[in-house]
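With positions in the sequence shown counted from 1, the corresponding number in our numbering is that position plus 330. Beta carbons: idealized from backbone N, C-alpha and C, even for Gly. Structure first, then comments.
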Amino acid sequence: MYPRVLINLKEIEENARKVVQMAEKRGIEIVGVTKVTLGDPRFAEALKRAGIKILGDSRLKNVLRMKKAGIEGPFMLLRLPMMSELVEDVKHFDYIMVSDPKVARMVEELSKETGRNVKIIYMIDVGDLREGVWYEKAVEEISQCNPSSISGIGTNFGCYGGIIPTKEKFEMLLSIKEKLEKEHGFNIEIVSGGNTPTLLALESGEIPEGVNQLRIGEAIALGRDITNNRVIDWLSQDTFIVEAEVIEVKEKPSIPVGRRGLDVFGRKVEFVDRGIRRRAICALGEQDIDSRGLIPVDKGVEVLHASSDHIVLDVTEYGDVKVGDVFRFRMTYSCLLKAMTSPFVEKRYEPSI
């Protein structure tokens, strides 16, 4: 049945192993991020086989799914906890990120009550403007916590503001660690220095000694780094492939005819007049994928635009296409996230794709 995602666990495992080996040479631990697959147990098992110990996810339900399948942690909560889930978070996560002294104290108290040793990582914002205490106020705020309760500090890059990690950013984090330890008696074991965009700094040797953890998802899952706008050439991109079936093939003008407004999602699409073109429509849409993140496997295929249930392709340069044919696409992170979340997209595990 189509549409479907083909999942190559062998390539995923190999990507994870390469990332782990590179990081180990520099004394850095890799947290394998599972959220893009909704905590898929087979994806998690592939990461474990590659040598990853800690699995990171943003959602409790995903971790419960992995635990039900027999996946052993430890697990890291990558999103700041919701108060409505905090009790359950402490039961099921071994590492919890916080950005508020009150929440840190609550996690500490709940850990004692349940007899669990949950490690708290205090998030610091060094410029990306997502979660975390602003770096200039970090020492003042974190010092309000019980020094023995904070196991680490961390930061995020790229996901919100597109900020690229640099040596200067890492040194800001390490400076905060030093002040907390020297001036306030903390023992910061973990310095979690970011996510996939940080791999480029790892490759170039820009990560200073003292940063000892990275949280990697996109690079392992897709062999890509969207923040740095690159395909990672030492990793595989043949990990997840989405297939879609053709439901119409017609020759039509390349620009809409008539008075135009916005599309169904409120977007103003710019069309280029290329004359009459052959177009194929596939049964796949924005409810299933991010059309901007579809990368055709075949030459001569161009993604034009999509509505909720249809993806329109230009196949003029491809050759013969008929209804019932199937096209394949690699995906960016946002595209894979939607495909794995959509109940209308079948997931199939393949030995090779």
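> Out of curiosity, what's the CA-to-CA distance linking A613 and I619?
Replying inline: 11 angstroms
> Comparing alpha-carbon positions, which option in E578, D563 and L408 lies nearest D424?
Replying inline: Nearest C-alpha to D424: L408.
>> Taking a contact to mean a Cβ-Cβ separation below 8 angstroms, would you say R658 touches V627 in this structure?
In response: yes
> Where do the ends of the alpha helix (DSSP H) carrying V433 lie?
Replying inline: P431 to T444
> Whose C-beta lies closer than 6 angstroms to the C-beta of M502 among residues of the same chain, with five residues either side of it excluded?
Replying inline: V456 and Y465
> Does the Cβ-Cβ distance between L416 and L440 come in under 8 angstroms?
Replying inline: yes
> First and last residue of the beta strand (DSSP E) that includes Q543?
Replying inline: Q543 to I546
> For the putative contact between A610 and V633, defined by C-beta atoms under 8 angstroms, what is the C-beta separation to the nearest angstrom?
Replying inline: Incorrect: roughly 11 angstroms between the Cβ atoms, too far for contact.
>> DSSP has W464 in a bridge; who is on the other side?
In response: D455
>> Is any non-hydrogen atom of the ligand SAH found closer than 7 angstroms to the C-beta of G462, if you look at the structure I gave you?
In response: The model depicted lacks the ligand SAH and carries no ligand whatsoever.
>> Buried or exposed, going by whether 16 or more other CB atoms sit within 10 Å of the CB of A468?
In response: buried
> Alpha carbon to alpha carbon, what distance is there between D655 and P583?
Replying inline: 22 angstroms
>> Would the stretch 447-456 count as touching the stretch 427-435 if we require 3 or more Cβ pairs under 8 angstroms?
In response: yes
>> Closer than 8 angstroms is the cut-off here; do at least three beta carbon pairs connect the stretch 559-569 with the stretch 340-356?
In response: yes
> Which residues share a DSSP beta bridge with H422?
Replying inline: In the DSSP assignment, H422 forms no beta bridge with any residue.
> In its own chain, which residues sit with a C-beta less than 6 angstroms from the C-beta of Y490, not counting the 5 before and 5 after it?
Replying inline: D458, L459 and R460
> Along the chain, which unbroken stretches of the alpha helix (DSSP H) at least 4 residues long are found entirely within the stretch 352-392?
Replying inline: 371-379
> Is the stretch 540-553 in contact with the stretch 363-370, if contact means three or more CB pairs nearer than 8 angstroms?
Replying inline: yes
>> Taking DSSP's pairing of strands, which residues face S522 in a bridge?
In response: G484 and Q543
> Are there three or more Cβ pairs, one per stretch, closer than 8 angstroms when the stretch 507-519 is compared with the stretch 471-485?
Replying inline: These segments touch.
> What whole-angstrom Cβ distance do I641 and L336 have, given they're in contact under 8 angstroms?
Replying inline: Not confirmed; about 17 angstroms, so no contact.
>> Just to confirm before moving on: does the CB-CB distance between L643 and V631 stay below 8 angstroms?
In response: yes
> So the beta strand (DSSP E) Y663 belongs to, where does it begin and stop?
Replying inline: Not the beta strand (DSSP E): Y663 falls in the alpha helix (DSSP H), residues Y663 to T671.
> DSSP puts V656 in a beta bridge; with which residues?
Replying inline: E575
>> Using 8 angstroms as the cut-off, can you tell me whether the stretch 492-499 makes contact with the stretch 519-529, which would need three or more C-beta pairs spanning the two stretches below that distance?
In response: Touching, yes, given that three or more Cβ pairs across the two stretches are closer than 8 angstroms.
>> Can you give me the C-alpha to C-alpha distance between M661 and D419, rounded to a whole angstrom?
In response: 31 angstroms
> Can you give, in chain order, each stretch of the alpha helix (DSSP H) that sits fully within the stretch 492-522 and has at least 4 residues?
Replying inline: 497-514
> Under a CB-based cut-off of 8 angstroms, is N392 close to chain C?
Replying inline: This model lacks chain C altogether, as it is built from one protein chain only.
>> Suppose the cutoff is 7 angstroms on Cβ atoms and the five residues either side in sequence are ignored; what does the same chain contact list for M686 look like?
In response: The shown model of the chain, from 331 to 683, leaves out residue 686, and the question about it has no answer.
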